[in-house]
Ligand SMILES: [Zn+2]
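In our numbering, the protein residues as written are 8 to 136.
This is the structure we're talking about:
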């Protein structure tokens, strides 16, 4: 290649000019009539950009996965108090019923109410209707 030809790419952010400054590297490749140095070869630039994009995508996926885990943990934590209350009520009712020799319909209704409370808490905890 001709050493007098220069790369057509302008470099920004190195000086005070908003127009940038021309790349001073010698030309290595010509694409569609434009000259590029080894660094600014469009194929290599695209390759580097794809690598950076893949890395960014992987980071974003990891962030999304972390967010999902945190959301699920918070959802479970929100159900905890309801579950504990339902379990304690059930424990009390069942323990009372077990030590009672006169099992009345009122006690059966209490057990049914506790059972409904347990079912609600469990369906909420399992995230299923
Ligand atoms: Zn260049």
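Positions of the beta carbon are idealized from the N, C-alpha and C atoms, including for glycine.
Sorted by chain position, which residues of the same chain lie with C-beta nearer than 7 Å to residue i's C-beta, five sequence neighbours on each side aside?
i, result
"residue 101", "none"
What's the C-alpha gap between residue i and residue j?
i, j, result
"residue 17", "residue 60", "22 Å"
"residue 31", "residue 62", "30 Å"
"residue 57", "residue 51", "10 Å"
"residue 128", "residue 75", "22 Å"
"residue 112", "residue 96", "18 Å"
Beta carbon of residue i, beta carbon of residue j: below 8 Å?
i, j, result
"residue 89", "residue 131", "yes"
When we look at the beta-carbon of residue i and count the other beta-carbons within 10 Å, is it buried (16 or more) or exposed?
i, result
"residue 47", "buried"
"residue 43", "buried"
"residue 93", "buried"
Within its chain, find whatever has a CB closer than 6 Å to the CB of residue i; leave out the 5 residues flanking it on each side and keep chain order.
i, result
"residue 45", "35"
Got a sec? Which residues, its chain only, sit under 8 Å from residue i by beta carbon, not counting five neighbours each side?
i, result
"residue 24", "none"
**Study point:** In chain order, each alpha helix (DSSP H) run of at least 4 residues that lies wholly inside the stretch 90-132
**Key:** Counting only runs of 4 or more, we get 112-132.
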